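Residue numbers (our numbering): 83 to 495. Working notes, structure below.
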Ligand code: T4K
């Protein structure tokens, strides 16, 4: 049955109209993974107006303080230190923990997790992930511990809680520091306990593409008073008072404008969770009949932000590769993503720094070949999802032609 799509009249909507085969794109404008959630404009503008009136733009002004207070309360931790972005929060967190020499970290993550360590002069030692959950595999972590290991940096990837009990046990037995990259996990829980309170400290990102954004922003959260004090010192040049510098510090501060966006966005959390939940339910139904595409699921009964619609493509069943499917979707202006291809171990400088014989991460390599993340969030409507899934179905139906076309292109380039 022909499918009605945005820029094509119904009568001409046949499989051969696929954009990758020469047709017009299904969507006139791109549908993104990570289009920002935008809070109420009037409320935000009122806050910005008051900020301009008060001429307080940065250096832990009233909005940053309030934002920190609200985030700490929501997450259930003693301290939240708001940061300029998640990457600098990771760097300062690692430094405050005294991480040095080698830190065990998954290669299946956004490169910022690993760059933050390397930027601090720390050597990342890549552990493998569980191919089912995409989370660090504790057995792989423990096997990599050596005399130079100072800590573990695990990731709550996609907002899904890392195996916190097993990791805490490993860290305790080997006297290692344990921190979490919780960039994806704001508003998510694990056995009813909010992510943010695990390990020695955790780091959120409030980048534009995240569930809760401050345009650029992040935070370190912890229950450790001494660590919190260290982090605060480090994020503000080491100042302890007027003209008084007591430590080596850097500038990691969140500004008031960002905090105003954050505070206004916090007022929408329930609404945005609702939209993401609705979108997930629609994607679940729409993808169910499609062969070779599996939507990853987790955390029933937990709080989730559902910010990422993560699928795996099995090319032997789908009839085309994940990469060809993503290329065909992007031609339709459906900007699916191959996060986190090709894995940090295959990016520089880590690829060139690989131990003799290279990094051996079979599960990471497997997952990197299969994952496809699809658009969701408040910028995506139910109609969009129906259309995107219908286009995907047609690409699968025409898989041999799509594959042949893309292979010709690849051979020519
Ligand atoms: N740890 C993890 C596990 C992370 O995922 C991240 C960030 C970090 C640490 C570091 O936190 P930050 O230092 O960033 O706070 C994007 C984001 O830039 C990055 O923040 C995020 N992870 C990562 C998963 O996604 P790219 O390279 O994919 O960004 P880009 O420019 O391709 O944007 C994604 C899509 O979003 C595009 O299709 C366009 C759309 N978009 C983007 C922006 C910025 C918009 O529609 N509007 C916008 O304003 O990394």
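Using N, Cα and C, we set each Cβ at its ideal position, and we do this for glycine too. Nothing here was measured: the structure is a model prediction, and the numbers come from that model.
Can you give me the Cβ contacts of residue i inside the same chain, cut-off strictly under 7 Å, excluding the 5 residues immediately before and after it?
i: residue 91; result: The predicted position of residue 91 is uncertain, since its pLDDT is 45 and thus under 50; no value can be drawn from it.
i: residue 414; result: 101, 107, 108, 109, 473
i: residue 402; result: 481, 484, 485
i: residue 395; result: 374, 375, 404, 407, 452, 454
i: residue 162; result: 150, 153, 154, 301, 303
i: residue 279; result: 157, 158, 159, 305
i: residue 244; result: 217, 218, 236, 237, 238, 262
Considering only their Cβ atoms, is the gap separating residue j from residue i smaller than 8 Å?
i: residue 101; j: residue 108; result: yes
i: residue 337; j: residue 172; result: no
i: residue 168; j: residue 285; result: yes
i: residue 257; j: residue 240; result: no
i: residue 281; j: residue 260; result: yes
i: residue 389; j: residue 361; result: no
i: residue 380; j: residue 456; result: no
i: residue 192; j: residue 387; result: no
i: residue 347; j: residue 119; result: yes
i: residue 298; j: residue 164; result: no
i: residue 453; j: residue 392; result: yes
i: residue 204; j: residue 223; result: no
i: residue 237; j: residue 263; result: yes
i: residue 372; j: residue 475; result: yes
i: residue 301; j: residue 153; result: yes
i: residue 495; j: residue 384; result: no
i: residue 478; j: residue 368; result: no
i: residue 133; j: residue 339; result: yes
i: residue 305; j: residue 159; result: yes
i: residue 423; j: residue 206; result: no
i: residue 313; j: residue 467; result: no
i: residue 409; j: residue 103; result: no
i: residue 229; j: residue 248; result: no
So, with DSSP's three-state summary, where would you put residue i?
i: residue 475; result: helix
i: residue 424; result: coil
i: residue 419; result: strand
i: residue 263; result: strand
i: residue 270; result: coil
i: residue 234; result: strand
i: residue 112; result: coil
i: residue 301; result: strand
i: residue 316; result: helix
i: residue 337; result: coil
i: residue 175; result: helix
i: residue 391; result: strand
i: residue 323; result: strand
i: residue 467; result: helix
i: residue 436; result: coil
i: residue 190; result: coil
i: residue 140; result: coil
i: residue 499; result: Past the edges of the chain, shown from 83 to 495, lies residue 499, and the structure says nothing about it.
i: residue 206; result: strand
i: residue 495; result: coil
i: residue 254; result: helix
i: residue 406; result: helix
i: residue 163; result: strand
i: residue 214; result: coil
i: residue 429; result: coil
Going by beta carbon distance, what residues of the same chain come within less than 8 Å of residue i, once the five residues before and after it are set aside?
i: residue 446; result: 188, 189, 190, 208, 210, 211, 425, 427
i: residue 464; result: 360, 361, 364
i: residue 295; result: 118, 119, 288, 289, 343, 344, 347
i: residue 122; result: 346, 349, 350
i: residue 94; result: Because residue 94 sits at a pLDDT of 41, beneath the cut-off of 50, its placement in the model cannot be relied upon, and the following sentence gives the value as read from the coordinates. Once the five neighbours on either side are set aside, residue 94 has no close Cβ partner at all.
Beta-carbon within less than 6 Å of residue i's beta-carbon, same chain only, minus the 5 sequence neighbours each way: which residues are those?
i: residue 417; result: 112, 114
i: residue 329; result: 315, 320
i: residue 323; result: none
Note to self: Measuring CB atoms only, is the stretch 130-146 touching the stretch 275-292, in the sense that at least three cross pairs come out at less than 8 Å?
What the structure shows: no
Check: Should the stretch 340-354 be called in touch with the stretch 374-384, which here means at least 3 C-beta pairs below 8 Å?
Finding: no
Item checked: Given 8 Å, three or more beta-carbon pairs between the stretch 146-153 and the stretch 238-254 -> Because the criterion of three Cβ pairs below 8 Å is not met, the stretch 146-153 and the stretch 238-254 do not touch.
Check: Counting Cβ pairs, one atom from each stretch, are 3 or more of them under 8 Å apart for the stretch 176-184 and the stretch 227-235?
Finding: yes
Notebook entry, point to check: Looking at C-beta atoms only, is the number of pairs between the stretch 117-132 and the stretch 339-352 that lie closer than 8 Å three or more?
Noted result: The stretch 117-132 vs the stretch 339-352: in contact.
Margin query: Could you check whether the stretch 324-335 touches the stretch 191-202, counting it as contact only if at least three pairs of C-beta atoms, one from each stretch, sit closer than 8 Å?
Written below: As far as the Cβ criterion goes, the stretch 324-335 does not touch the stretch 191-202, which means the pair count is below three.
Checklist line | the stretch 290-297 contacting the stretch 316-329, beta-carbon criterion three pairs below 8 Å | finding: no
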